[in-house]
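Read through the structure below, which is laid out as structure tokens, and then see the notes.
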Amino acid sequence: MGAVYSRCPHTAFVMGFESEDATDDASYVANLLTSNIAVLNGSSAMIWEILENPTTSEDLILEITEIYGVSKETVAASVLDFLYDLKAQGLVKVSEAIILEEGV
1 MGAVYSRCPH
11 TAFVMGFESE
21 DATDDASYVA
31 NLLTSNIAVL
41 NGSSAMIWEI
51 LENPTTSEDL
61 ILEITEIYGV
71 SKETVAASVL
81 DFLYDLKAQG
91 LVKVSEAIIL
101 EEGV
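The opening position of the sequence shown corresponds to residue 1 in full-length UniProt numbering, with each subsequent residue numbered one higher.
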């Protein structure tokens with residue numbers, strides 16, 4: 001099992017909302033340590049939703065392929081690039097998966 005991605009505890013986010021003047025379907029994610037804000041639309045907002053629970057990049061890619069009905073080859077590089085960007089912005093953290101053996 002590989003690296004596990006999860007939201008950093010110093011982030012806050014708001015889902016888009018509808019108003020009388022316009023429809024805003026973006027999600028806004030803030031790094032509370034730097035005050036930087038990322039705007040997420042479409043599949044990037046979906047990835048952020050999935051990251052509510054820690055997950056590996058492999059499982060995340062699989063879930064995206066199922067949601068959007070595309071091949072792993074189509075989305076893998078883009079998902080990995082996006083995870084790298086989220087990490088660089090301090091919005092997600094990466095840890096190694098711990099495999100527990102039964103009976104230990």
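Built from N, CA and C at the ideal position, the CB exists for glycine as well. These figures come from a predicted structure and were not determined experimentally.
As the crow flies, the alpha-carbon of M46 is around 10 Å from that of E52. For the pair V92 and Y5, the CB atoms are nearer than the 8 Å cut-off. Residue pairing by DSSP puts K93 in a beta bridge opposite S6. Nearest to P54 by C-alpha distance, out of L83, M15, G16 and Q89, is L83. The residues K72, V75, A76 and V79, in chain order, have a CB closer than 7 Å to that of I61 in the same chain once the five nearest residues on each side in sequence are set aside.
Beta-bridge annotation (DSSP): F13 is paired with V29. S35 has its alpha-carbon roughly 14 Å from the corresponding atom of V14. The Cβ atoms of H10 and L40 lie no closer than 8 Å to each other.
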